[in-house]
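Numbered according to numbering that gives the first Met the number 0, the sequence shown terminates at residue 362, and the numbering increases by one at each position without gaps. Where is the CB? At the ideal position from N, CA and C, for every residue including glycine. It should be emphasised that the depicted structure is a prediction, and the values quoted were computed from it without experimental measurement.
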Amino acid sequence: MNRRKFMLAATSLFATAGRAGASGLLLASDPSAHPLDAAWSLWKTAFLSPEGRVIDTAQGGASHSESQAYGLTLAVALGDAESFSRILAWTQINLGLRQDSLLAWRWLPDAPVRVPDLNNASDGDLFFAWALGLAAERFGDDSYARRATEIAQDLARLCLAPWPDGSGRTALLPAADGYRREGSLIVNLSYAMPLALRQVAAATGVDALRRAADDAEGAMAQLAAVGTMPDWFALGPSGPEIASEFSDRTGYEALRVPLFLLWSGNPAHPAVRRHAAALQAGRAALSGSGIPTVIDRLSGVTLESSSDPGYAAVAALVDCVAAGGMDGAAIPPFTAGQPYYPATLHLMALLAELEGYPGCLPL
């Protein structure tokens, strides 16, 4: 296990470079602190329990492997070892219930059985392994690195599957169970965060995850040739097709795809450009009354919008980068007065901007 590979790959990801002072970001009073410390503090107050449970306020107060893993990733990015330890402990006690190294996907606060379904969610497991690998170096704990390797191995063993077209490509399935059909696979590309897959692969030696990142970006480009990213689709013998029992709209799942591509250092990807065009058309139709959050992927027509600033932050970063990344971005100030999901995407967009897109500082 080469922990140093994790941090060599990630050094620039979490660099602060001191340039945020003029950006309008919420700055901590200590000038040596991370420029997102104050926003992180607000996020923790709103969504993190004293025990380390990340609370999805729009989903009945449930917690997910995704929410826990996103919290871990933010904690290590902000250098918050104490919050990292709390989130990790709660997650392993309450979601680490499977016989393998993956996590059960959901914990329900008011159910007689808090974890009624032991199936995993591969995006939660991926971010969990990524955060652990980063934390191994940042916080100096080798046990994190060993745990990241175990997760990576089981993620590759249980959640990677060959495309049914015989091309030799692989897909990251949403979970170990339930997404294989006779002759096809059900795929959600927002689960395949390219940077996380590549850094986990480099650190753990599970190279199948790197190949899955390459193939996911290829699938994104193939789909972008005809429309924005679908939340869900099927991979059949002839390639991507509609999955009849799942939504193929560009919705709250797929809006992560352009954000994750930008965070992964791929601003020229066709899916980013396609999403930027749909956002521009949608905002014009909405006349400033919200941000498109559900889009018909073929026509580009906006079907649903939101006023939550986290979605506006993602859209502003996508817009700025697509326009050349030199004229600033209309990223709103962070607020915890929004649900968990857009608030978390808000912080992620700010992290991606800080690392890779200095010309997109908030206006």
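DSSP three-state assignment for residue i, whether helix, strand or coil
| i | result |
| --- | --- |
| residue 140 | coil |
| residue 254 | coil |
| residue 320 | helix |
| residue 75 | helix |
| residue 185 | strand |
| residue 387 | The requested residue 387 does not occur in the structure, where the chain is confined to residues 0 to 362. |
| residue 60 | coil |
| residue 231 | coil |
| residue 122 | helix |
| residue 205 | coil |
| residue 218 | helix |
| residue 225 | coil |
Chain-order list of residues whose beta-carbon lies under 7 Å from that of residue i (same chain, five-residue window excluded)
| i | result |
| --- | --- |
| residue 256 | 188, 189, 219, 228 and 270 |
| residue 302 | 248, 293, 294 and 295 |
C-beta atoms of residue i and residue j nearer than 7 Å
| i | j | result |
| --- | --- | --- |
| residue 62 | residue 52 | yes |
| residue 317 | residue 274 | yes |
| residue 339 | residue 46 | yes |
| residue 129 | residue 186 | no |
| residue 103 | residue 117 | yes |
| residue 280 | residue 299 | yes |
| residue 184 | residue 263 | no |
Endpoints, alpha helix (DSSP H) assigned at residue i
| i | result |
| --- | --- |
| residue 294 | Where residue 294 is concerned, there is no enclosing alpha helix (DSSP H), although the beta strand (DSSP E) it sits in stretches over 290-294. |
| residue 34 | Residue 34 -> no alpha helix (DSSP H), and no H or E assigned at all. |
| residue 47 | Run containing residue 47: none; DSSP gives neither H nor E here. |
Residues near residue i by beta carbon distance below 6 Å, same chain, minus five either side
| i | result |
| --- | --- |
| residue 347 | none |
| residue 311 | 290 and 331 |
| residue 329 | 315 and 362 |
| residue 343 | 69 |
| residue 153 | 99, 100 and 101 |
Start and end residues, beta strand (DSSP E) containing residue i
| i | result |
| --- | --- |
| residue 239 | 238-240 |
| residue 83 | Taken as a continuous stretch (DSSP letters only), residue 83 belongs to no beta strand (DSSP E), being part of the alpha helix (DSSP H) at 80-93. |
| residue 303 | 301-305 |
| residue 169 | 169-171 |
Proximal residues to residue i (C-beta, below 8 Å), its chain only, five neighbours per side dropped
| i | result |
| --- | --- |
| residue 196 | 125, 171, 208, 209, 211, 212 and 215 |
| residue 57 | 338, 339 and 340 |
| residue 83 | 71, 74, 75, 130, 134 and 138 |
Cβ pair count under 8 Å reaching 3, the segment 247-256 against the segment 193-211
With the rule of 3 Cβ pairs closer than 8 Å, the segment 247-256 does not count as touching the segment 193-211.
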